[in-house]
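Chemist: Sending over a structure as structure tokens; questions will come in a sec.
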Amino acid sequence: MMKTYYKFILSTFLKSFIFVFFIMFSLVIILNILSEIEFFRNTNVSVLFPLYLSLLNSPALIFEMFPFIFLIGTQLFFINLFNDNQIQIFKYSGLKNSKILTIISFFTFFLGIFIILIFYSFSSNLKNFYLELKNNYTADDEYLAVVTKNGLWIKDNVDGKVSIINASKIDKNYLINTFITQFDNEYEVLSNIQAEKIDISNNNWLAYQVKLYENNQSEKKDTFIIKSNFNYEKIQSLFSNLSSLSILKLLDLRNNYLSLNYSIIEVDLELNRIISYPIYLSLMTILSAILMFNIKRFNSTTIKIALGLFLSVVIYYLNNFFYVMGKTEKFDVSVAIWTPLLAILILNLTMIFKINEK
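So in the numbering used here the end of the sequence shown lands on 359, straight run, no missing numbers.
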């Protein structure tokens, strides 16, 4: 008999979650379509192309919204139980509120593992494809910067010259041990530049201890100016969209950053965020359940949902604040990711008092 209750609880909870998921997914697609239409308003593309891009980008955005989908979905689950007075039936059958809470929180945890192993990999691949397609319609489609095991590679196009730049390391705003080959538009070699150190603080790079190879002659210069479309800030921003990378690619990128002496803070933040995700989802489910037990006397469903949305906003800004502090190295990575979760845990423990009497 008890197994029947378990199946009923899980199936009802899953239905509520799926309902909220598809509502959110539909809203995300609509907002995405409007954004893509605005982006392509002066570009000659197929009418269906913005829709196609929206479908590619939406799963990555939905991944960010899962904590709040679980929070609202849990509220909807309990609203259905309260309206049908099924909570009282469970109590008469010996199924306490704490047991219901345990069932749905563990289910959420395992569903969270599925989300990071399957859904996240799926959404990151789609996001990567989305960025590749959209990059063809941006002003920067002739420029490229990537990090590999062989260092930082940059393709640049300035004043009719195509430059292929390779630096072995980055030290703050300096490229170290850099070799630059400049081509004309037909990819005939114009010159080679070797520099021990290049200051890339702005778009006029200042190279030190330069060897210039041009017209079969070499020349040494103490300093040399190199024009570029890139600077340190822009290079940093190019590597900030980590949602397009799977977990394995993030680990590979972390190793490449270490070999380049590039900051791994953002990669570590993303990896910690992914690892903590099932716990985060479970805590949000528990928080929503406890909230519903404490406000079930309210007759208005609107008020209940509004309280859930308010909590979602507060938690979002709390998480965002700590993430930014971690990204700017004001907080340690573990503090930035795990402190908001600890705060939610403490809030849950504070509110869970006498939950079986609710």
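All C-beta atoms in this analysis are idealised placements derived from N, C-alpha and C, irrespective of residue type, glycine included.
Could you round the C-beta distance between F71 and M285 to whole angstroms and report it? I think they count as a contact, below 8 angstroms.
Modeler: With a Cβ gap of about 5 angstroms, F71 and M285 count as contacting.
Chemist: Given I356, which residues of its chain have a CB within under 8 angstroms of its CB, disregarding the five upstream and five downstream residues?
Modeler: N98, S99, L102, I291, F294, listed in sequence order.
Chemist: Is I119 buried or exposed, if buried means 16 or more other CB atoms sit within 10 Å of its CB?
Modeler: By the 10 Å Cβ count, I119 comes out exposed.
Chemist: Below 8 angstroms between beta carbons: does that hold for I266 and V163?
Modeler: Not a contact, by the Cβ cut-off of 8 angstroms.
Chemist: To which residues of the same chain is L11 closer than 8 angstroms at the C-beta, ignoring the five residues directly before and after it?
Modeler: So the list reads I104, I105, F108, once near-sequence residues are dropped.
Chemist: How many angstroms separate the CA atom of L343 from the CA atom of I353?
Modeler: Taking the straight line joining both Cα atoms gives about 15 angstroms.
Chemist: Please classify Y121 as buried or exposed, where buried requires at least 16 other C-beta atoms within 10 Å of its C-beta.
Modeler: Buried, by the Cβ-count rule.
Chemist: By Cβ distance below 6 angstroms, which residues in the same chain neighbour W206 in space, the five residues on each side in sequence not counted?
Modeler: Correct list, in chain order: I199, I227, S229.
Chemist: Taking the alpha carbon of T329 as the point to measure from, which residue in F91, L56, L28, S264 has its own alpha carbon closest?
Modeler: Looking at the Cα atoms, S264 is the closest of the given residues.
Chemist: Would the stretch 245–264 and the stretch 216–227 be scored as touching if the rule is three or more Cβ pairs under 8 angstroms?
Modeler: No, the stretch 245–264 does not touch the stretch 216–227.
Chemist: Which residue comes first and which comes last in the beta strand (DSSP E) that contains I353?
Modeler: Looking at the DSSP string, I353 is not in any beta strand (DSSP E), and its letter there is neither H nor E.
Chemist: DSSP state of Y263, grouped into three classes?
Modeler: Coil at Y263, not helix or strand.
Chemist: Does DSSP put G161 in a helix, a strand or coil?
Modeler: Reduced to three states, the DSSP call for G161 is coil.
Chemist: Return the CA-CA distance between F26 and V190, expressed in angstroms with no decimal places.
Modeler: Cα to Cα, the separation comes out at about 50 angstroms.
Chemist: In chain order, what are the residue ranges of uninterrupted beta strand (DSSP E) at least 3 long that sit wholly in the stretch 197–256?
Modeler: Entirely contained in the stretch 197–256, the beta strand (DSSP E) runs reaching 3 residues are, in chain order, 205–215, 218–228.
Chemist: Pick helix, strand or coil for G309, following the three-state DSSP scheme.
Modeler: It is helical.
Chemist: Nearest CA to the CA of Y131: which residue from N273, I236, N33?
Modeler: Among N273, I236, N33, the Cα nearest to that of Y131 belongs to N33.
Chemist: Taking only runs that begin and end inside the stretch 272–342, name each unbroken alpha helix (DSSP H) of 4 or more residues, in chain order.
Modeler: The qualifying runs are 302–328.
Chemist: Ordered along the chain, which non-local residues of its own chain (more than five positions away) have a Cβ less than 7 angstroms from that of I168?
Modeler: Checking the displayed sequence, the identity of residue 168 turns out to be Ala instead of Ile. The residues are G152, L153, L176, I177, N178, T179.
Chemist: From I316 to L77, what distance separates their C-alpha atoms?
Modeler: Cα to Cα, the separation comes out at about 19 angstroms.
Chemist: Take every Cβ of the stretch 72–91, pair it with every Cβ of the stretch 11–24, and state whether three or more of those distances are shorter than 8 angstroms.
Modeler: At 8 angstroms Cβ cutoff, the stretches touch.
Chemist: Hey, F423 and A208 are a contact pair by Cβ (cut 8 angstroms); roughly how many whole angstroms apart?
Modeler: With the chain running from 2 to 359 in the structure shown, residue 423 is simply not present.
Chemist: Tell me which same chain residues have a C-beta within less than 8 angstroms of the C-beta of F41, skipping the five on either side of it?
Modeler: Taken in chain order, the residues that qualify are F50, P51, Y138.
Chemist: What is the DSSP secondary structure of T5, reduced to helix, strand or coil?
Modeler: T5 falls in the helix class under three-state DSSP.
Chemist: Under a Cβ-count criterion, where at least 16 other Cβ atoms within 10 Å of its own Cβ denotes burial, should V46 be classed as buried or exposed?
Modeler: Exposed.
Chemist: Tell me whether T44 sits in a helix, a strand or coil according to DSSP, three-state version.
Modeler: Reduced to three states, the DSSP call for T44 is coil.
Chemist: When the distance is taken between beta carbons, is N174 closer than 8 angstroms to I155?
Modeler: No. Outside cutoff.
Chemist: In its own chain, which residues sit with a C-beta less than 7 angstroms from the C-beta of E197, not counting the 5 before and 5 after it?
Modeler: Cβ within range, chain order: N178, Y209, Q210.
Chemist: Whole-angstrom Cβ separation of I114 and P279, contact assumed at under 8 angstroms?
Modeler: Between P279 and I114 the Cβ distance is about 5 angstroms, and since that is below 8 angstroms, they are a contact.
Chemist: From the DSSP output, in three-state form, read off L82 for me.
Modeler: Correct three-state label for L82: helix.
Chemist: For chain B, is any of its Cβ atoms less than 8 angstroms away from the one on L246?
Modeler: Looking at the structure shown, chain B is missing, and only one protein chain is on hand.
Chemist: Can you give the beta carbon distance from L96 to Y6, rounded, assuming they're within the 8 angstroms contact cut?
Modeler: 6 angstroms between Cβ atoms; contact.
Chemist: Going by DSSP in three states, N186 sits in which element: helix, strand or coil?
Modeler: Coil.
Chemist: With L288 and N204 assumed to form a contact (beta carbons below 8 angstroms), what rounded beta-carbon distance in angstroms separates them?
Modeler: Wrong, their Cβ atoms sit about 48 angstroms apart, outside the cutoff.
Chemist: Relative to the alpha-carbon of V362, which residue among L134, S283, L249 has its alpha-carbon at the smallest distance?
Modeler: One cannot answer for residue 362 here, as it falls past the ends of the chain, which runs 2 to 359.
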